[in-house]
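K.L.:
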Amino acid sequence: GAVVSQHPSWVICKSGTSVKIECRSLDFQATTMFWYRQFPKQSLMLMATSNEGSKATYEQGVEKDKFLINHASLTLSTLTVTSAHPEDSSFYICSARDGAPQETQYFGPGTRLLVL
Amino acid sequence: DAKTTQPTSMDCAEGRAANLPCNHSTISGNEYVYWYRQIHSQGPQYIIHGLKNNETNEMASLIITEDRKSSTLILPHATLRDTAVYYCIVTYNNNDMRFGAGTRLTVKP
Chain A
17 GAVVSQHPSW VICKSGTSVK IECRSLDFQA TTMFWYRQFP KQSLMLMATS
67 NEGSKATYEQ GVEKDKFLIN HASLTLSTLT VTSAHPEDSS FYICSARDGA
117 PQETQYFGPG TRLLVL
Chain B
1034 DAKTTQPTSM DCAEGRAANL PCNHSTISGN EYVYWYRQIH SQGPQYIIHG
1084 LKNNETNEMA SLIITEDRKS STLILPHATL RDTAVYYCIV TYNNNDMRFG
1134 AGTRLTVKP
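Those sequence lines, one after another, are chains A and B.
Add 16 to a position in the first sequence, counting from 1, and you land on the number used in the numbering used here.
Add 1033 to a position in the second sequence, counting from 1, and you land on the number used in the numbering used here.
#1: Can you pull out the residues from the stretch 1072–1085 of chain B whose beta carbon lies closer than 8 Å to at least one beta carbon of chain A?
#2: Could you say which of B:Ala1117, B:Val1123 and B:Tyr1125 lies nearest to B:Ala1051 if we only look at CA atoms?
#3: So, is A:Ser106 buried or exposed, given that buried needs 16 or more other C-beta atoms within 10 angstroms?
#4: What number of angstroms, rounded off, separates the C-alpha of A:Thr120 from the C-alpha of A:Lys71?
#5: For chain B, is any of its Cβ atoms less than 9 Å away from the one on A:Thr120?
#6: So, A:Thr94 versus A:Ala88, is the Cβ gap smaller than 9 Å?
#7: Per the DSSP calculation, B:Asp1044 is bridged to which residue(s)?
#8: Given a cut-off of 9 Å on the beta-carbon distance, is the pair A:Glu68 and A:Ala46 in contact?
#9: Measuring CA to CA, which of A:Cys29, A:Ser31 and A:Lys36 is closest to A:His23?
#10: Counting contacts by CB-CB distance shorter than 9 Å, is A:Val78 in contact with chain B?
#11: Assign A:Leu132 to one of three DSSP states: helix, strand, or coil.
#12: Who are the neighbours of A:Leu90 on chain B, taking C-beta pairs under 7 Å?
#13: Quick one: list the residues of chain A neighbouring B:Met1130, beta-carbon separation under 9 Å, in chain order.
#14: Quick check on the DSSP output: the beta strand (DSSP E) that includes A:Tyr122 runs from which residue to which?
#15: With a cut-off of 9 Å, does the C-beta of A:Pro125 fall near any C-beta of chain B?
#16: So A:Ala18 is in the beta strand (DSSP E); what residue range does that whole segment cover?
#17: Going by beta carbon distance, what residues of the same chain come within less than 7 Å of A:Thr73, once the five residues before and after it are set aside?
#18: Does the beta carbon of B:Ala1050 come closer than 9 Å to any beta carbon on chain A?
#19: If I follow the unbroken beta strand (DSSP E) through A:Phe50, where does it start and stop?
#20: Could you check the C-alpha separation between B:Gln1075 and A:Val131 for me, to the nearest Å?
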């Protein structure tokens, strides 16, 4: 099956700093990538959808100026958490889809962010 | 909000079949049923999906009722490594994956 990687797998940072998370599709071209967030003991929540070369579409309640998404190529999307605060501590997961909307989304292993 | 209803938790004996139900009574004619699972602290793993017909792959079988208002994911011979949260998701264009609470399946020795 298709493989999606994320880097880093975990990160600890100080409050006020910015953190960048990378999401890569390793063996397919991802025309669309998705970013999710998962708090402890909760389900995944979609944050934003990004298409290669276009601006991301953010879900209601997600601050686009705080969570910067760049989908610069067909194999790479980045999520930057700007001026991170402790409440941003969460498990961030990306997924990628190849081609048509009916194609399956494949998920990365996730990045655990802890903001002190 | 998720369009599906799943039991909160289920147990299954190792080596036996695990049958995970999902209700999606408001499903539209062009919406697919997707199943993913999430093992603790990992990203979700795709299992199977279907539209109308029953589907089978190397991981599982998906049985969809004729009226498409419910479905069952079957793991034919559950192992301890199948312990996970299983999510049933209904979506038309795969742009709108709404994860509900899922079913926490525990496979016991």
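Backbone N, C-alpha and C define an ideal beta-carbon position, used for all residues, glycine too.
P.N.:
In brief:
#1: Those residues of the stretch 1072–1085 of chain B that come within reach of chain A (Cβ to Cβ, closer than 8 Å) are Ser1074, Gln1075, Gly1076, Pro1077, Gln1078, Tyr1079 and His1082.
#2: Checked all of B:Ala1117, B:Val1123 and B:Tyr1125; the closest Cα to B:Ala1051 is B:Ala1117.
#3: Around the C-beta of A:Ser106, 16 or more other C-beta atoms lie within 10 Å, and the residue is accordingly described as buried.
#4: When the Cα atoms are used, A:Thr120 and A:Lys71 turn out to be separated by approximately 22 Å.
#5: Yes, because at least one Cβ of chain B sits closer than 9 Å to the Cβ of A:Thr120.
#6: For the 9 Å CB-CB criterion, A:Thr94 and A:Ala88 form a contact.
#7: DSSP links B:Asp1044 through a beta bridge to B:Thr1139.
#8: Going by C-beta atoms, A:Glu68 is nearer than 9 Å to A:Ala46.
#9: It is A:Lys36.
#10: Under the Cβ criterion of 9 Å, A:Val78 is not counted among the residues facing chain B.
#11: A:Leu132: coil per DSSP, three-state reduction.
#12: By Cβ distance, chain B contributes nothing, its closest Cβ being about 17 Å from A:Leu90, past 7 Å.
#13: For B:Met1130, the chain A residues whose C-beta falls within less than 9 Å of its own C-beta are Phe50, Tyr52, Leu60, Leu62, Ser111 and Gln121, listed in chain order.
#14: Run containing A:Tyr122: Gln121 to Phe123, per the beta strand (DSSP E) assignment.
#15: Cβ-Cβ to chain B under 9 Å: yes for A:Pro125.
#16: No residue range can be given for A:Ala18, since it is assigned to no beta strand (DSSP E) and is classified by DSSP as neither H nor E.
#17: Spatial neighbours of A:Thr73 in its own chain (CB-CB distance under 7 Å, excluding positions within 5 residues in sequence) are listed in chain order as Ala64 and Thr65.
#18: At a cut-off of 9 Å between C-beta atoms, B:Ala1050 does not count as an interface residue with respect to chain A.
#19: Per DSSP, A:Phe50 is one residue of the beta strand (DSSP E) stretching across Thr48 to Gln54.
#20: Between the alpha carbons of B:Gln1075 and A:Val131 lies a gap of roughly 20 Å.
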